[in-house]
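Undergrad: Mind looking over this structure? Questions follow.
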Amino acid sequence: MNRLRHVLTQITIKHGWVFIYEKGYQSTDTAVSSVFTKMKGVGYTNVDGEERVWDMVDYVFPEQGDSSFVVMTNYIITKGQKMGKCPELTEPRYLCNSDSDCERGIIERTGHGHMTGKCVGNTTKTCEVVAWCPVEDDHTIPDPALLMSAENYTLFIKNSVTFPAYGVKRSNLVEGIDNQYIKSCVYDPTTSPLCPIFRLGDLVQLSGFNFATIAKVGGAIGIVIDWTCNLDYDQSECKPVYTFHGLYGNPNETDMARASVGYNFRYAKHYMEDKQEKRTLLKVFGIRFDIIVRSVARKFDIIPTLTAIGSGVGIFGVATVVCDLILLYLLPKREFYNNMKFKVTETVEQEPLDEFSSEKYVSKE
Amino acid sequence: MNRLRHVLTQITIKHGWVFIYEKGYQSTDTAVSSVFTKMKGVGYTNVDGEERVWDMVDYVFPEQGDSSFVVMTNYIITKGQKMGKCPELTEPRYLCNSDSDCERGIIERTGHGHMTGKCVGNTTKTCEVVAWCPVEDDHTIPDPALLMSAENYTLFIKNSVTFPAYGVKRSNLVEGIDNQYIKSCVYDPTTSPLCPIFRLGDLVQLSGFNFATIAKVGGAIGIVIDWTCNLDYDQSECKPVYTFHGLYGNPNETDMARASVGYNFRYAKHYMEDKQEKRTLLKVFGIRFDIIVRSVARKFDIIPTLTAIGSGVGIFGVATVVCDLILLYLLPKREFYNNMKFKVTETVEQEPLDEFSSEKYVSKE
Amino acid sequence: MNRLRHVLTQITIKHGWVFIYEKGYQSTDTAVSSVFTKMKGVGYTNVDGEERVWDMVDYVFPEQGDSSFVVMTNYIITKGQKMGKCPELTEPRYLCNSDSDCERGIIERTGHGHMTGKCVGNTTKTCEVVAWCPVEDDHTIPDPALLMSAENYTLFIKNSVTFPAYGVKRSNLVEGIDNQYIKSCVYDPTTSPLCPIFRLGDLVQLSGFNFATIAKVGGAIGIVIDWTCNLDYDQSECKPVYTFHGLYGNPNETDMARASVGYNFRYAKHYMEDKQEKRTLLKVFGIRFDIIVRSVARKFDIIPTLTAIGSGVGIFGVATVVCDLILLYLLPKREFYNNMKFKVTETVEQEPLDEFSSEKYVSKE
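Rendered as structure tokens:
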């Protein structure tokens with residue numbers, strides 16, 4: 001029995017710890033949150049002697065400072081596309097010998113256009129398509145990435161959270177993070193954990209990626225802003241914690257991700273030339289950032305306190321039940337304990353049994 | 001009493017079932033998630049002899065592979081708009097007889113521009129506005145939809161989830177979903193429930209919509225990716241389940257939705273012509289897809305186990321209380337049970353009562 | 001003891017209230033939700049005699065009716081930028097005396113381009129950069145905001161929620177909100193709390209902002225659509241409640257927000273002129289709207305009912321434990337109660353003690 005009592009004492013202590021540690025005496029609320037992002041930094045490319053800079057307007061998609069966005073790090077450009085008829089790429093699946101190989105109108109799911117039914121070309125013949133011509137050839141990904149300079153871009157995150165249940169409003173620009181500090185700081189997990197400005201190269205590293213790889217083929221990084229606030233303390237104790245999660249991107253991570261590596265999408269700039277609509281097509285490889293706010297605020301509240309105590313006392317009940325079970329059914333002298341615990345009452349209407357009357361008499365007295 | 005015992009046994013069994021079935025012995029975590037989408041397929045239109053193809057760059061908004069996006073299925077095009085002065089549409093609310101009907105500067109909430117105060121036109125006179133001229137006339141929606149070929153587009157979804165509390169990272173490209181499989185598979189709820197490539201026509205059908213209708217006026221579909229994972233088993237058992245929810249779109253669904261049918265927005269391509277800014281305005285009708293990740297991972301944990309047991313034992317308590325209430329207050333012989341249960345102690349300081357001393361003596365012995 | 005009993009009765013009542021008020025007898029589900037937004041209204045500017053109107057295509061970012069979007073209220077325009085070499089702004093940090101002050105290739109984090117290493121200019125010399133030239137000068141923010149007319153724009157919100165667990169689908173266009181009503185209504189918290197059309201000026205005011213200020217520098221507003229539905233009642237009782245939260249924007253709110261006021265981003269329209277790529281750069285100041293759906297539906301369910309009762313009964317247990325503790329350890333006559341409560345059983349194997357046998361005899365009889 002002593003051993004059992006010891007175990008039960010431990011359970012009780014554990015439950016008390018749950019009560020304290022898991023904050024069983026507090027109510028909780030999640031936040032209404034808004035995230036605004038802004039990239040800074042200029043990229044520079046010199047392809048075939050053509051100097052070009054890339055500012056945030058050029059390399060951030062979408063432009064309006066969303067919580068989910070892509071930073072371009074590499075690209076394949078196809079200039080001067082216009083609507084017309086042209087041969088498909090010289091890939092096995094588009095090759096043909098005669099018109100009969102190109103059934104008119106059938107659009108291959110992965111093709112670039114609408115087949116005209118003609119087989120064209122001089123040496124290597126391919127099916128002709130109605131498409132944005134010339135069709136894009138994206139077989140060779142520039143390596144190293146054209147915009148390796150992206151490593152030095154910085155990301156500024158502005159995050160505001162409101163806990164409606166407690167009327168509390170916080171910003172990641174907490175006390176002490178003023179204009180002066182922001183101008184010079186760069187986030188570092190140990191020395192500047194509250195600086196809202198992040199170097200892209202650091203973000204990639206903190207997510208466990210290699211910059212050269214992710215810059216070439218693209219990838220995705222999750223930035224989690226964790227607001228776990230105990231509002232029984234002062235509001236100024238309620239501060240964000242940033243963590244970084246590599247979501248996909250490294251071609252060498254695991255088998256399952258191998259099916260589809262990187263992150264890319266296509267984007268076009270349209271223009272008019274000689275009264276004709278043209279476009280510059282970019283296949284963009286980039287790093288997708290998803291900024292995810294996880295928030296929970298806690299404050300003392302009588303209701304959850306009572307509920308927690310209630311279920312805690314239930315635990316005490318376990319002691320009684322377990323003791324009883326052991327005493328009454330398992331111990332060698334169980335019959336003896338049975339007799340000690342239960343009084344058998346035989347309710348005969350005619351005449352009350354003697355022992356009961358006596359017992360009754362004693363109790364009542 | 002037997003009947004009561006039976007009921008209580010049932011409650012106990014039920015509670016045990018809750019414990020097992022509702023996983024009362026496990027802690028839970030939700031995922032940090034990232035969704036990337038990519039459309040494939042080419043649309044083809046032939047309007048008034050003008051052949052044109054539409055690739056993903058043309059028909060997906062926004063372009064960067066977001067978890068929420070629109071696929072254009074129909075459109076009304078207004079070419080060559082430029083800033084200037086022109087008459088409003090010949091609709092009843094814009095009609096006028098003289099300049100006095102067009103009060104200068106007042107902008108009708110639903111008008112196309114800023115009224116100049118003039119009433120212009122030859123036969124049917126309307127108020128003149130400063131606007132992108134000519135103003136768009138969107139009264140006739142092309143029927144059938146111009147891009148019915150959208151039915152054969154495919155959507156590829158890449159979804160990565162990370163459960164930070166357990167350090168588990170999963171992708172919807174689970175074990176066995178490799179490059180080879182992806183190249184040929186198409187999602188089917190029964191035969192290929194894990195293929196991450198969806199045919200647009202299938203998505204529309206699985207959501208309960210009719211393609212011809214939704215393509216014409218637009219609509220919205222929710223794709224829910226459900227990650228309910230029991231991490232006490234092997235990670236590879238943690239697989240996504242896709243479900244599809246028609247959100248709005250069918251004009252004939254219910255009364256309340258009738259107020260605003262379809263899904264459309266406007267979009268412009270700007271260009272310069274003869275040193276003047278011009279734009280091509282498109283009123284886009286399309287299918288909006290919202291990909292929603294719902295995740296919960298569970299794993300054995302001592303804390304919730306104890307809490308669940310605690311409240312479970314509370315249920316046992318119900319038995320005691322209910323039995324007592326019936327015995328002591330409802331049964332005809334309740335007085336008798338009252339005496340059996342309670343011992344009345346009268347604590348008089350002066351002299352201890354005899355019966356108590358005797359009882360005391362007996363107990364102590 | 002009476003006082004104690006009183007306290008415990010109160011606790012019991014409180015627990016019952018929790019059970020009823022906090023809906024302890026119901027299961028819950030959150031919704032799959034989709035939000036579609038549409039702005040209406042036309043802005044008008046007359047800068048240096050150049051009349052211009054701004055329709056939704058011009059002032060909403062992104063264009064596709066997302067749940068998070070920005071409405072432009074002010075802007076700084078830089079026309080005709082093209083890739084080239086030009087001097088930096090005449091700001092202290094870009095000033096130079098000779099080429100040696102401009103180290104070639106080093107890109108200042110906040111600069112506009114890639115330094116060529118030359119120091120150029122006539123009177124005030126600055127470093128030369130490869131950039132979109134001329135570089136943007138955004139020192140003077142137009143005051144008052146150029147698009148003050150944004151105050152009269154209207155926002156239409158279409159929100160559909162589906163509770164998968166209960167198979168219930170609702171829209172914010174609830175019963176009675178038909179086409180006729182929508183054409184004329186404007187949201188008002190007291191008179192039209194269900195009208196899904198919001199005047200921008202009202203939204204700003206309801207969020208606690210001043211329109212002139214927020215229009216000039218930009219800001220962010222959270223619109224929370226709260227679906228708290230008790231599905232034990234009729235579905236038509238399940239209606240949305242709109243609340244508005246100023247997230248950031250007012251320069252005078254609190255110290256911490258002062259670090260970064262307003263909301264702005266940059267946006268470019270590209271075009272070709274004389275075979276050269278050019279762009280019109282806009283620094284856009286605007287109001288960012290985040291529409292957040294918070295949903296919880298409840299319905300009677302046997303499982304949570306039992307759990308709630310279980311932990312409730314636990315509360316009763318407190319009474320027993322507390323009474324016992326007081327009786328046995330605190331009261332002066334505690335030894336007496338100890339004897340009354342416990343029977344000491346000494347289990348000696350050799351010979352049963354007499355008093356136990358007798359007790360046993362009595363009980364068994």
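Residue numbers (UniProt numbering), protein chains in the order written: chain A, 1 to 365; chain B, 1 to 365; chain C, 1 to 365.
Each residue gets a CB set at the ideal place from its N, CA and C atoms; glycine is no exception.
Got a sec: is the Cβ-Cβ distance from B:Gly246 to anything in chain A below 8 angstroms?
TA: If you number the second sequence from 1, residue 246 of chain B lands on position 246. No, B:Gly246 lies away from the interface with chain A (no Cβ there is under 8 angstroms from its Cβ).
Undergrad: For chain B, is any of its Cβ atoms less than 8 angstroms away from the one on A:Phe209?
TA: Stepping through the first sequence from its first residue, residue 209 of chain A is reached at position 209. No, its Cβ sits nowhere closer than 8 angstroms to a Cβ of chain B.
Undergrad: Terminal residues of the continuous alpha helix (DSSP H) containing B:Asp234?
TA: One-based indexing of the second sequence puts residue 234 of chain B at position 234. That residue, B:Asp234, is in no alpha helix (DSSP H); it is neither H nor E in DSSP.
Undergrad: When you compare the CB of B:Gln81 with every CB in chain A, is at least one pair closer than 8 angstroms?
TA: To locate residue 81 of chain B, count along the second sequence from 1; it is residue 81. Closer than 8 angstroms: no.
Undergrad: Which residues of chain A have a Cβ atom closer than 8 angstroms to the Cβ of C:Ile182, listed in chain order?
TA: Stepping through the third sequence from its first residue, residue 182 of chain C is reached at position 182. Residues of chain A passing the Cβ test: none, with the nearest at roughly 26 angstroms.
Undergrad: Can you check whether the C-beta of B:Lys40 is within less than 8 angstroms of a C-beta belonging to chain A?
TA: Translated into positions along the second sequence, residue 40 of chain B becomes position 40. For B:Lys40, the answer is yes, since a Cβ of chain A falls inside 8 angstroms of its Cβ.
Undergrad: Counting only beta-carbon separations shorter than 8 angstroms, does A:Pro134 have a partner in chain B?
TA: Numbered from its first residue, the first sequence carries residue 134 of chain A at position 134. Output row for A:Pro134: interface = no.
Undergrad: Indicate whether at least one CB of chain C lies closer than 8 angstroms to the CB of A:Val217.
TA: Within the first sequence, residue 217 of chain A is the residue found at index 217, counting from 1. No - not a single Cβ of chain C is within 8 angstroms of the one on A:Val217.
Undergrad: Would you list the one or two residues that DSSP bridges to residue 386 of chain C?
TA: Residue 386 of chain C lies beyond the residue range present for chain C, which begins at 1 and ends at 365; the question has no answer from this structure.
Undergrad: Please state whether the Cβ-Cβ distance between C:Arg288 and C:Tyr263 is less than 8 angstroms.
TA: Locating residue 288 of chain C in the third sequence gives position 288, where the first residue counts as 1. Locating residue 263 of chain C in the third sequence gives position 263, where the first residue counts as 1. Taking 8 angstroms as the Cβ cut-off, C:Arg288 and C:Tyr263 qualify as a contacting pair.
Undergrad: Between which residues of its own chain and C:Gly65 is the CB-CB distance below 6 angstroms, once the five residues before and five after are set aside?
TA: Numbered from 1 along the third sequence, position 65 holds the residue referred to as residue 65 of chain C. Taken in chain order, the residues that qualify are Phe36, Thr37, Lys38.
Undergrad: Does the beta-carbon of C:Asn252 have 16 or more other beta-carbons within 10 angstroms, so that it is buried, or is it exposed?
TA: Residue mapping note: residue 252 of chain C aligns to position 252 of the third sequence, counting from 1. Only weak support exists for where C:Asn252 lies, its pLDDT of 48 falling under 50; the coordinates are left without a value.
Undergrad: With DSSP as the reference, label A:Gly84 as helix, strand or coil.
TA: Here residue 84 of chain A corresponds to residue number 84 of the first sequence, with the count starting at 1. Here A:Gly84 sits in strand by DSSP.
Undergrad: Answer yes or no: do C:Val284 and C:Tyr44 have a C-beta to C-beta separation smaller than 8 angstroms?
TA: Within the third sequence, residue 284 of chain C is the residue found at index 284, counting from 1. Within the third sequence, residue 44 of chain C is the residue found at index 44, counting from 1. Not a contact, by the Cβ cut-off of 8 angstroms.
Undergrad: Pick helix, strand or coil for C:Thr116, following the three-state DSSP scheme.
TA: One-based indexing of the third sequence puts residue 116 of chain C at position 116. The answer is strand: DSSP assigns C:Thr116 an E or B state.
Undergrad: Please list, in chain order, all residues of the same chain as A:Met256 whose beta carbon is under 6 angstroms from its beta carbon, the five residues on each side excluded.
TA: Sequence index remark: in the first sequence, residue 256 of chain A carries index 256 (1-based). Low per-residue confidence applies at A:Met256: pLDDT is 42, beneath 50, and the placement is therefore not dependable enough to give any value.
Undergrad: Would you say B:Val174 and B:Leu194 are within 8 angstroms of each other, going by their C-beta atoms?
TA: As a position in the second sequence, residue 174 of chain B is number 174, starting the count at 1. As a position in the second sequence, residue 194 of chain B is number 194, starting the count at 1. Result yes, Cβ atoms of B:Val174 and B:Leu194 sit closer than 8 angstroms.
Undergrad: Going by DSSP, name the residue or residues bridged to C:Lys169.
TA: As a working note, residue 169 of chain C is residue 169 in the third sequence. C:Lys169 pairs with C:Thr162.
Undergrad: When you compare each of C:Met272, C:Tyr242, C:Glu51, C:Pro196 to C:Tyr181 by their alpha carbons, which one comes out closest?
TA: Residue numbering aside, residue 181 of chain C sits at position 181 when the third sequence is read from its first letter. When each option's Cα is compared against that of C:Tyr181, the closest is C:Pro196.
Undergrad: Using alpha carbons as the reference points, say which of B:Asn46, B:Leu155, B:Gly80 lies closest to B:Gln276.
TA: Taking the first residue of the second sequence as 1, we reach residue 276 of chain B at position 276. Measuring from the Cα of B:Gln276, the nearest candidate turns out to be B:Gly80.
Undergrad: Report the rounded CA-to-CA distance for C:Val53 versus C:Val71, giving the unit in angstroms.
TA: For the purposes of this step, residue 53 of chain C is taken as the residue at position 53 of the third sequence. For the purposes of this step, residue 71 of chain C is taken as the residue at position 71 of the third sequence. When rounded, the distance between both Cα atoms is 15 angstroms.
Undergrad: Start and end of the beta strand (DSSP E) containing A:Gly43?
TA: By 1-based counting over the first sequence, the position of residue 43 of chain A is 43. 43-47 is the span of the beta strand (DSSP E), which, as asked, contains A:Gly43.
Undergrad: For B:Ser295, return the contacting residues in chain A, with the cut-off set at a CB-CB distance below 9 angstroms.
TA: Walking along the second sequence from the start, residue 295 of chain B turns up at place 295. Per Cβ cutoff of 9 angstroms: no residues; B:Ser295 is ~12 angstroms from chain A at best.
Undergrad: Is there at least one non-hydrogen atom of the ligand COA closer than 7 angstroms to the beta-carbon of C:Thr28?
TA: This structure does not include the ligand COA; it has no bound ligands of any sort.
Undergrad: For a test of the three-state rule: what should DSSP assign to A:Leu281, helix, strand or coil?
TA: By one-based count along the first sequence, residue 281 of chain A stands at place 281. Strand at A:Leu281.
Undergrad: Hey, out of A:Ser33, A:Met83, A:Gly49, A:Thr78, whose CA is closest to B:Glu50's CA?
TA: As a working note, residue 50 of chain B is residue 50 in the second sequence. Closest by alpha carbon: A:Met83.
Undergrad: Counting contacts by CB-CB distance shorter than 8 angstroms, is B:Lys283 in contact with chain A?
TA: Translated into positions along the second sequence, residue 283 of chain B becomes position 283. Closer than 8 angstroms: no.
Undergrad: Taking only beta-carbon positions, decide if C:Gly111 is within less than 8 angstroms of chain A.
TA: Taking the third sequence and counting its residues from 1, the one referred to as residue 111 of chain C is at position 111. Yes - at least one Cβ of chain A is within 8 angstroms of the one on C:Gly111.
Undergrad: Please work out which residues of its chain come closer than 6 angstroms, Cβ to Cβ, to C:Thr280, disregarding the five sequence neighbours upstream and downstream, and give them in chain order.
TA: Taking the first residue of the third sequence as 1, we reach residue 280 of chain C at position 280. Here the set comprises Lys79, Lys269.
Undergrad: Below 8 angstroms, how does it come out for the region 142-156 of chain A and the region 107-124 of chain A: are there three or more Cβ pairs, yes or no?
TA: In short, these stretches do not touch, since the Cβ pair count stays below three.
Undergrad: Can a CB atom of chain C be found closer than 8 angstroms to the CB of A:Lys269?
TA: As a working note, residue 269 of chain A is residue 269 in the first sequence. By this cut-off, A:Lys269 is an interface position.
Undergrad: Does the CB of B:Pro62 have a neighbour CB from chain C at under 8 angstroms?
TA: Indexing the second sequence from 1 puts residue 62 of chain B at position 62. Chain C contact via Cβ: present.
Undergrad: Quick one: list the residues of chain C neighbouring A:Arg52, beta-carbon separation under 7 angstroms, in chain order.
TA: Here residue 52 of chain A corresponds to residue number 52 of the first sequence, with the count starting at 1. Under the 7 angstroms cutoff, chain C gives Met83.
Undergrad: Spatial neighbours of C:Ser295 within its chain, please: C-beta separation below 7 angstroms, excluding the five flanking residues on both sides.
TA: What you label residue 295 of chain C is simply residue 295 of the third sequence in a count that begins at 1. Thr30, Ala31, Ser33, Val161, Trp227, listed in sequence order.
Undergrad: Closest to C:Ala215 by C-alpha separation, out of C:Tyr94, C:Thr28, C:Tyr248, would be which residue?
TA: To locate residue 215 of chain C, count along the third sequence from 1; it is residue 215. If we check each option's Cα against that of C:Ala215, C:Tyr248 comes out closest.
Undergrad: Identify the contact partners of C:Ser68 in chain A, using a Cβ-Cβ distance below 7 angstroms as the criterion.
TA: Here residue 68 of chain C refers to the residue found at position 68 when the third sequence is read from its first residue. Within 7 angstroms Cβ-Cβ: Asp66.
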